[in-house]
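For the sequence shown, this note's numbering begins at 239 and goes up steadily by one.
Below is one structure; the comments refer to it alone.
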Amino acid sequence: MDEDLKTSAKGKILSIRDLPTLPKVLDEVSRLVQNPNTTIEAIAKVISRDQVLSAKVLKMVNSPVYGFPGRISSIQHSLVLLGFNVIRGVIISTSVFDIMSKSMEGLWEHSVGCALATGLVARKAGLKDPEEYSVCGLLHDLGKVVAAVQLPELHKAVAETVRTQDLRWLEAEKAVLGFGHDRINAWLADHWHLPATIKESMSAHHAPERAQIFPQHAAAVHLGDFVVRIFEYGSGGDDQAAPLSSQALKALGLKLSDLDSVLDDFGENLSEVSGVTFAPEDSTPPKGNACN
Ligand SMILES: [Fe+2]
Ligand SMILES: [Fe+2]
239 MDEDLKTSAK GKILSIRDLP TLPKVLDEVS RLVQNPNTTI EAIAKVISRD
289 QVLSAKVLKM VNSPVYGFPG RISSIQHSLV LLGFNVIRGV IISTSVFDIM
339 SKSMEGLWEH SVGCALATGL VARKAGLKDP EEYSVCGLLH DLGKVVAAVQ
389 LPELHKAVAE TVRTQDLRWL EAEKAVLGFG HDRINAWLAD HWHLPATIKE
439 SMSAHHAPER AQIFPQHAAA VHLGDFVVRI FEYGSGGDDQ AAPLSSQALK
489 ALGLKLSDLD SVLDDFGENL SEVSGVTFAP EDSTPPKGNA CN
């Protein structure tokens, strides 16, 4: 693909702002959090105005993924316990998947599973604020679904390339689009002014050794992605096994045996998570193989 086409593809992806179904709340909250004087009450008020969205956010934050199952009663409470960044990440993922869940079947389950697994990895590594890691896992493949909606023809070509050439989704994206969802993730993170921890984990989850500033976030998501694929929970578009980066374990001070125990924890929690109907629009059961 030549440079002009790449630029126009990037432009189309970023026009996600114009998608009519993304809640206005998203823009408003993003603006508010730029201002250091904004209070939690003010943010909570804006989010709570959108009752449908609030209900979805509460459902998500009360799931076992975030460590406070069934204990968060209001948006304000969720902001106090989990912080702006986590709640905004949840709003973004819920909103995007709301309109896009049908574009890539199984990706929502893959993302929620990755959020759970990434949080478990962070806990195993003894990292502070594991829920911040969970939200990185939740958003890690967002670029795939945004591309699916903004570039439907190219998305079809990527899926076709995966099928006919037996490639991983990331490799097929690079062959068809000239860039992968890791790159799209970085654009989206800039576009939404996401914090650097989330941005780097989204853009480096396939190559955590490339993370310059927050190697632990990228490493945790890389391992979370690996775990959810082992369980074949949900789908990311292909059924290829991805290599496990030994750097990721090193960056977190974990051994392979720790990863084994994360797999056990994941298995124990998965039934609870999959018991909750997360799918924003429909509750189609997950199917197919997960991928990276
Ligand atoms: Fe990915
Ligand atoms: Fe993934």
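Backbone N, C-alpha and C fix where the C-beta goes; we use that ideal spot for every residue, glycine too.
Three-state class that DSSP yields for residue i in the structure shown
i, result
"Pro433", "coil"
"Ala385", "helix"
"His348", "helix"
"Ala410", "helix"
"Ala363", "coil"
"Leu405", "coil"
"His378", "coil"
"Phe417", "coil"
"Lys340", "coil"
"Thr522", "Because Thr522 sits at a pLDDT of 41, beneath the cut-off of 50, its placement in the model cannot be relied upon, and the following sentence gives the value as read from the coordinates. DSSP places Thr522 in coil when its eight states are reduced to three."
6 Å Cβ shell around residue i - same chain, five flanking residues per side excluded
i, result
"Asp288", "Pro261, Val263"
"Leu508", "none"
"His429", "Leu252"
"Glu510", "Pro302"
"Ala353", "Val303, Ser372, Gly375, Leu376"
"Asn441", "In the sequence under discussion, the amino acid at residue 441 is Ser, which differs from the Asn named in the question. Asp420, Asn423, Ala424, listed in sequence order."
"Thr402", "none"
"Glu266", "Val284"
Own chain residues within Cβ distance below 7 Å of residue i, not counting five before or after
i, result
"Thr356", "Tyr371, Ser372, Cys374, Gly375, Ala458, Val459, Gly462"
"Leu358", "Val500, Asp503, Phe504"
"Pro446", "Pro453, Ala456, Ala457, His460, Ser483, Gln485, Ala486, Ala489"
"Asn527", "The pLDDT assigned to Asn527 is 41, lower than 50, so where the model puts this residue is not dependable; a value taken from the coordinates is nonetheless given after this. Hits under 7 Å: Glu470, Ser473, Asp477."
"Ile278", "Gln314, Leu317, Val318"
"Val414", "Leu392, Ala395, Val396, Thr399"
"Val465", "Ala355, Val500, Leu501, Phe504"
"Ala360", "Pro368, Tyr371, Ala458"
"Met342", "Lys382, Val383, Ala386, Gly475"
Distance between residue j and residue i (C-alpha atoms, nearest Å)
i, j, result
"His393", "Ala386", "5 Å"
"Ser286", "Gly308", "18 Å"
"Gly249", "Glu241", "12 Å"
"His444", "Glu438", "11 Å"
"Val400", "Ser268", "36 Å"
"Gly344", "Gly475", "8 Å"
"Arg421", "Lys297", "30 Å"
"Gly321", "Pro274", "14 Å"
"Ser512", "Val303", "11 Å"
"Gly418", "Glu409", "7 Å"
"Arg448", "Lys493", "20 Å"
"Pro390", "Lys382", "11 Å"
"Gln388", "Gly364", "39 Å"
"Asp362", "Glu506", "The residue you asked about is not Asp; residue 362 is Lys in the sequence shown. Roughly 15 Å between the two C-alpha positions."
"Ser246", "Lys340", "24 Å"
"His431", "Asp496", "34 Å"
"Glu411", "Asn323", "29 Å"
"Gln272", "Lys366", "23 Å"
"Ile436", "Asp404", "30 Å"
"Ala293", "Asp336", "13 Å"
Cutoff 8 Å; reference residue i; Cβ partners in own chain excluding five residues on either side
i, result
"Leu270", "Thr276, Ala280, Ile281, Val284"
"Val535", "Only positions 239 to 530 of the chain appear in this structure, which leaves residue 535 out of reach."
"Asn300", "Phe306, Pro307, Gly308, Arg309, Ile310"
"Ser291", "Correcting the residue type first, residue 291 is Leu in the shown sequence and not Ser. Only Pro261, Val263, Ile285, Ile329, Thr332, Ser333 meet the Cβ criterion."
"Ala532", "Past the boundaries of the shown model lies residue 532; the chain is included only from 239 to 530, so the question cannot be answered."
Neighbour flag for residue i against chain C, beta carbons, 7 Å
i, result
"Ser333", "Here there is only one protein chain, and chain C is not present."
At which residue ranges does the segment 259 to 326 contain complete alpha helix (DSSP H) runs of 4 or more residues, listed in the order of the chain? 262 to 272, 278 to 287, 289 to 299, 313 to 320
Suppose only complete runs of 4+ residues qualify. What are the alpha helix (DSSP H) ranges in the segment 421 to 498, listed by chain order? 434 to 441, 453 to 468, 484 to 490
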